[in-house]
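Visitor:
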């Protein structure tokens, strides 16, 4: 059935009336909200179902006084879009075919109530949308920082600034991660908020006045801004700041700077005085033992090449003498006196007292060394022997003091005139005889062998090693007749000559034992008296028997060949003795 023409002509008017009526409807509760980020695109869907017979769709926003401002229109038949001439939204709007409105570059001023309207010939449908715009503030910064803080003084620490926030945020101060609460005359916080009229963004500035304590040295101060975002409340933290806290000196300390834990004579000693204030004191008074007035100096006082008289108590104080500290210095020393010392020359058999005297700050150890070999006891010489000669070192050390060691040397020279003892024996082959000249003396004597009478020199000799002032010179001969040999030993002190009669090779000599060594003589020292007595007794008996025999032989007119031979030997010995006497003369 067709609708009357009059009814059809009234439809546009009816739609207009419905539209005007919709504009006057009060806002509904529980409105749909779109959260947008400042600078992003705001997208608002039209949350109405598109009705049959739709003529067009429109978007508007409401002024604070409730009056509408239309911004976009789209016809459902002609598919064209029109944007109203609203300066705030010029070139920022986009209306899609499903009537979704997009606003580019979201601003704080976009925070409004927008309404989507769908209009038919019979009805006008509306659906409001609330737009909320959020802007995250910048990271807070602590600006206008104090150069330093002072104890017992309330001072501006700095300002915490967070810029370009929407909605406005709140600032909180922290010390070492704990919230700083306002305390009268100790913690004073003031918060200011300003709005940029062109953007509508907030800047929050919070100033902190703070009275520190000594414990606030190296404390970390931070601030944070708490703001509201699309997903709820959030917080941004500032970078930490550490302030130099000044506080007065409460204690003075003196200490000894040394490379070693102990000090010895000759060391350089540095005294250091310090105060526990901040900044620390730069000058002090140092009090030296024996000085009544303090010596003004920087934080160090140097003593070069200290001696033992530097031992004592040292003090330091502030310039105003308000605080003082003390320490004791001990300068260790070690003296050694060796008597005698250097090069000393003595004669064999003389006595030589030796003393090594030690004077030290602590107990010292003493060590004797002879010819690079450690001695078990200190040297003592009641009767010097050649073996006593050598290089002696008396060395003393303070074990507890590093590097404190002293030593002195004694070069002992034992001199003696040459002494000679000659021995002879027939070798086992009966073809030669060995004659030995045993020599003692220092400096080492030069030995020469000669034949008495002819004066000829025997060069073919053998010498033993010169040890402890003793050595031997040996010759091997095979005389065809009796001969007298002379051994001459000479050094800088004297010339000594000794002769020995040697029978022809055909006459065997009685073996004479070599001199016992010093070691052997020491071993048999306990038997010496007994042996000497026996030897003396035997000599006396032999002497008496010889005299009796000689008298008997002289008176006898007849003798056996054996006796004649013995007499001949006696005569030969007499001649040898006469020649020997002439030679000595």
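In mature numbering (1 follows the signal peptide of the UniProt record, and there is no 0), the protein residues as written are -30 to -1, 1 to 555.
The C-beta atom is built at its ideal place from N, Cα and C for all residues, glycine as well.
How about residue 241 and residue 266: do their beta carbons lie closer than 9 Å?
Guide: As a first step, residue 241 must be located in the chain shown, where it is residue number 271. As a first step, residue 266 must be located in the chain shown, where it is residue number 296. Cβ atoms of residue 241 and residue 266: not closer than 9 Å.
Visitor: Using a Cβ-Cβ cutoff of less than 6 Å, which residues in the same chain neighbour residue 375 once the five nearest sequence positions on both sides are dropped?
Guide: Looking up residue 375 in the chain shown gives position 405. Result list for residue 375: 367, in chain order.
Visitor: Report the residue from 353, 377, 477 whose alpha carbon sits nearest the alpha carbon of residue 338.
Guide: Numbered from its first residue, the chain shown carries residue 338 at position 368. Considering only alpha carbons, the answer is 377.
Visitor: By how many angstroms is the C-alpha of residue 180 removed from the C-alpha of residue 139?
Guide: Residue numbering aside, residue 139 sits at position 169 when the chain shown is read from its first letter. Residue numbering aside, residue 180 sits at position 210 when the chain shown is read from its first letter. Between residue 139 and residue 180, the C-alpha separation is close to 23 Å.
Visitor: Going by other Cβ atoms of all chains shown within 10 Å of its Cβ, with 16 needed for buried, is residue 77 buried or exposed?
Guide: Residue mapping note: residue 77 aligns to position 107 of the chain shown, counting from 1. The residue is buried, with at least 16 neighbouring Cβ atoms inside 10 Å.
Visitor: Any idea what DSSP makes of residue 18, helix, strand or coil?
Guide: On the chain shown, position 48 is the one that residue 18 refers to. Residue state, collapsed to three classes: coil.
Visitor: Would the stretch 454 to 470 count as touching the stretch 399 to 409 if we require 3 or more Cβ pairs under 8 Å?
Guide: yes
Visitor: Just the C-alpha distance for residue 234 and residue 349, rounded to the nearest angstrom, thanks.
Guide: On the chain shown, residue 234 is found 264 positions in, with the first residue counted as 1. On the chain shown, residue 349 is found 379 positions in, with the first residue counted as 1. Those two C-alpha atoms are separated by around 30 Å.
Visitor: Under 9 Å between the Cβ atoms of residue 107 and residue 132?
Guide: For the purposes of this step, residue 107 is taken as residue 137 along the chain shown, with counting starting at 1. For the purposes of this step, residue 132 is taken as residue 162 along the chain shown, with counting starting at 1. Contact: yes.
Visitor: Hey, out of 340, 320, 55, 370, whose CA is closest to residue 353's CA?
Guide: Along the chain shown, one-based indexing puts residue 353 at 383. For the residues 340, 320, 55, 370, the minimum Cα distance to residue 353 belongs to 320.
Visitor: The beta strand (DSSP E) spanning residue 282 covers which residue range?
Guide: Position 312 of the chain shown holds residue 282. 282 to 287 is the extent of the beta strand (DSSP E) around residue 282.
Visitor: List the residues that DSSP assigns as beta-bridge partners of residue 176.
Guide: On the chain shown, residue 176 is found 206 positions in, with the first residue counted as 1. Answer is 130, 161, bridged to residue 176.
Visitor: In this structure, does DSSP put residue 304 in helix, strand or coil?
Guide: In the chain shown, the residue the question calls residue 304 occupies position 334. Here residue 304 sits in strand by DSSP.
Visitor: For residue 450, which residues from the same chain have a beta carbon less than 7 Å from its beta carbon, with the 5 sequence-adjacent residues on both sides left out?
Guide: For the purposes of this step, residue 450 is taken as residue 480 along the chain shown, with counting starting at 1. 474, 475.
Visitor: What residues in its chain sit with their C-beta under 8 Å from that of residue 250, if we drop five residues either side in the sequence?
Guide: Residue numbering aside, residue 250 sits at position 280 when the chain shown is read from its first letter. Closer than 8 Å at the Cβ level, and outside the excluded window around residue 250, lie 219, 244, 269.
Visitor: Name the two residues that bound the continuous beta strand (DSSP E) containing residue 27.
Guide: The sequence position of residue 27 within the chain shown is 57, counting from 1. 24 to 32 is the span of the beta strand (DSSP E), which, as asked, contains residue 27.
Visitor: For the ligand SAH, I want to know if residue 111 counts as a neighbour, meaning its beta carbon is within less than 8 Å of at least one of the ligand's heavy atoms.
Guide: Questions concerning the ligand SAH fall outside what the structure shown contains, since it holds no ligand whatsoever.
Visitor: List in chain order: all unbroken beta strand (DSSP E) runs of 3+ residues lying wholly within the stretch 53 to 113.
Guide: Qualifying beta strand (DSSP E) stretches, in chain order: 63 to 65, 71 to 73, 83 to 90, 94 to 104, 111 to 113.
Visitor: Taking the continuous beta strand (DSSP E) assigned at residue 298, which residues delimit it?
Guide: Position 328 of the chain shown, counting from 1, holds the residue named residue 298. Residues 294 to 299.
Visitor: With burial defined as no fewer than 16 other Cβ atoms inside 10 Å of the residue's Cβ, what is the status of residue 385: buried or exposed?
Guide: Indexing the chain shown from 1 puts residue 385 at position 415. Classification for residue 385: buried.
Visitor: Going by the beta-carbon positions, is the gap between residue 111 and residue 209 smaller than 9 Å?
Guide: Taking the first residue of the chain shown as 1, we reach residue 111 at position 141. Taking the first residue of the chain shown as 1, we reach residue 209 at position 239. A contact, by the Cβ cut-off of 9 Å.
Visitor: In this structure, does DSSP put residue 279 in helix, strand or coil?
Guide: Here residue 279 corresponds to residue number 309 of the chain shown, with the count starting at 1. Residue 279: helix per DSSP, three-state reduction.
Visitor: Comparing alpha-carbon positions, which option in 74, 95, 64 lies nearest residue 18?
Guide: In the chain shown, counting from the first residue as 1, residue 18 sits at position 48. Nearest of 74, 95, 64 to residue 18, Cα basis: 95.
Visitor: Buried or exposed: which applies to residue 27, given that a residue is buried once 16 or more other Cβ atoms fall within 10 Å of its Cβ?
Guide: Counting from one through the chain shown, the residue named residue 27 turns up at place 57. Answer is buried; the Cβ neighbour count reaches 16.
Visitor: Within the continuous beta strand (DSSP E) that includes residue 375, where are the two ends?
Guide: Translated into positions along the chain shown, residue 375 becomes position 405. 375 to 396 is the extent of the beta strand (DSSP E) around residue 375.
Visitor: Would you call residue 152 buried or exposed, if buried means 16 or more other Cβ atoms sit within 10 Å of its Cβ?
Guide: Within the chain shown, the letter at position 182 stands for residue 152. Around the beta carbon of residue 152, fewer than 16 other beta carbons lie within 10 angstroms, which makes this residue exposed.
Visitor: CA-CA distance, residue 43 and residue 16?
Guide: On the chain shown, position 73 is the one that residue 43 refers to. On the chain shown, position 46 is the one that residue 16 refers to. Cα-Cα distance, rounded: 13 Å.
Visitor: Which class does residue 241 belong to by DSSP, given the choice of helix, strand or coil?
Guide: For the purposes of this step, residue 241 is taken as residue 271 along the chain shown, with counting starting at 1. Three-state DSSP puts residue 241 in a strand.
Visitor: Per DSSP, residue 38 is paired with what?
Guide: The residue you call residue 38 lines up with position 68 of the chain shown. Looking at the DSSP assignment, residue 38 forms a beta bridge with 32.
Visitor: According to DSSP, simplified to helix, strand and coil, what is residue 448?
Guide: Translated into positions along the chain shown, residue 448 becomes position 478. It is coil, neither helix nor strand.
Visitor: Three-state secondary structure (DSSP) at residue 507?
Guide: Indexing the chain shown from 1 puts residue 507 at position 537. Residue 507 sits in a helix when the DSSP states are folded into three classes.
Visitor: On a CA-only basis, which of 296, 275, 191, 93 is nearest residue 256? Give me that one, please.
Guide: Stepping through the chain shown from its first residue, residue 256 is reached at position 286. It is 296 whose Cα lies nearest to the Cα of residue 256.
Visitor: What residue range is occupied by the uninterrupted beta strand (DSSP E) comprising residue 372?
Guide: On the chain shown, residue 372 is found 402 positions in, with the first residue counted as 1. Note, residue 372: premise wrong, no beta strand (DSSP E); not H, not E.
Visitor: What does a CB cutoff of less than 7 Å around residue 431 pick up in its chain, not counting 5 residues either side in sequence?
Guide: Indexing the chain shown from 1 puts residue 431 at position 461. Closer than 7 Å at Cβ, skipping near neighbours: 419, 443, 444, 445.
Visitor: Candidates 373, 413, 417, 402: which alpha carbon is nearest residue 391's?
Guide: Taking the first residue of the chain shown as position 1, residue 391 is located at position 421. That would be 417, whose Cα lies nearest to the Cα of residue 391.
Visitor: Since residue 41 and residue 200 are thought to touch, with beta carbons under 8 Å apart, how far apart are those beta carbons, to the nearest angstrom?
Guide: Within the chain shown, the letter at position 71 stands for residue 41. Within the chain shown, the letter at position 230 stands for residue 200. Not a contact, Cβ separation roughly 24 Å.
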